[in-house]
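Here's the structure, in structure tokens; my notes come after.
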Amino acid sequence: DGGITQSPKYLFRKEGQNVTLSCEQNLNHDAMYWYRQDPGQGLRLIYYSQIVNDFQKGDIAEGYSVSREKKESFPLTVTSAQKNPTAFYLCASGGLSSYNEQFFGPGTRLTVL
Amino acid sequence: GQNIDQPTEMTATEGAIVQINCTYQTSGFNGLFWYQQHAGEAPTFLSYNVLDGLEEKGRFSSFLSRSKGYSYLLLKELQMKDSASYLCAVNQAGTALIFGKGTTLSVSS
């Protein structure tokens, strides 16, 4: 089955701890994205990558870091520098053309206590 | 700057037609996407418009006017399962999308 997976679905961490969210896709997509969604807000872009070993900051990159060592994987680390990390995090992948739709994973709901 | 506006909430009854509007002001334009998102779930793709006009896909249609910076999503023969958030997103350049805050549609019987 082709798709995009995120794990875990729910994650709890103590304040001050770094946490890494996983995102894996087997759709052979070149581009991968991380979004954050807060209640009443749309999706806001954190980071994206269009090729292995390269990535670009989105609108709200501060306090986050990513890596793209393999085409299939794009993990997101939420660092202790992120002031308000509790949110729903969505990973997506897609092709490199502007008309390519993005396919989303099921999301990870992170709660920082 | 960049701005995408959608109504926050809409209500409708089963079997009716509803139109969800989206206006945008962005520095570039490479197309507009509509996504559906049920509560707590991932968004799923509904439509893509890059040229002016109407694109029809079953019960859903999407319209675009680039000169007016305006799009709408039209849902016909509403069903209870259409209760969801509908997200308008613009591709300014490349592949990254800018999303509006979404419109929550509630369908009642």
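Protein sequence lines, in the order shown, are assigned to chains A and B.
Going by our numbering, the residue at position 43 of the first sequence is 43; the numbering climbs one at a time, nothing skipped.
Going by our numbering, the residue at position 15 of the second sequence is 128; the numbering climbs one at a time, nothing skipped.
Backbone N, C-alpha and C define an ideal beta-carbon position, used for all residues, glycine too.
Between Val78 of chain A and the set A:Glu72, A:Ile60, A:Lys71, A:Lys70, the nearest pair of CA atoms involves A:Ile60. When the Cα atoms are used, Leu167 of chain B and Asn134 of chain B turn out to be separated by approximately 14 Å.
For Glu101 of chain A, the neighbours in chain B by C-beta distance under 8 Å run, in chain order, Phe146, Phe158, Tyr161. With a cutoff of 8 Å on beta-carbon distance, Leu218 of chain B and Ala129 of chain B are scored as not near each other.
For Gln115 of chain B, no beta strand (DSSP E) encloses it, and the DSSP letter there is neither H nor E.
The beta strand (DSSP E) runs lying completely inside the segment 143-172 of chain B and spanning 3 residues or more are 145-150, 157-162, 166-170, given in chain order. When the beta-carbon positions are compared, Gly107 of chain A and Ala31 of chain A stay at least 8 Å from each other.
For Phe104 of chain A, the closest of A:Asp38, A:Asn18, A:Gln25 by C-alpha to C-alpha distance is A:Gln25. Nearest Cα to Gln149 of chain B within the set B:Asn204, B:Gln115, B:Gln205, B:Leu186: B:Leu186. In terms of beta-carbon proximity, Gln25 of chain A stays away from the interface with chain B, with every pair separated by 8 Å or more. When DSSP states are grouped into helix, strand and coil, Asp54 of chain A belongs to the strand group. Just so you know, the alpha carbons of Leu188 of chain B and Gln17 of chain A end up roughly 45 Å apart. Distance check between Gln132 of chain B and each of B:Ala206, B:Asp195, B:Thr157, B:Glu154 places B:Asp195 closest, using alpha-carbon atoms only. Check the Cα spacing between Ser222 of chain B and each of B:Met193, B:Gly213, B:Ser198, B:Gly207: the tightest is with B:Met193.
One alpha carbon belongs to Leu90 of chain A, the other to Ala155 of chain B, and they sit about 7 Å apart.
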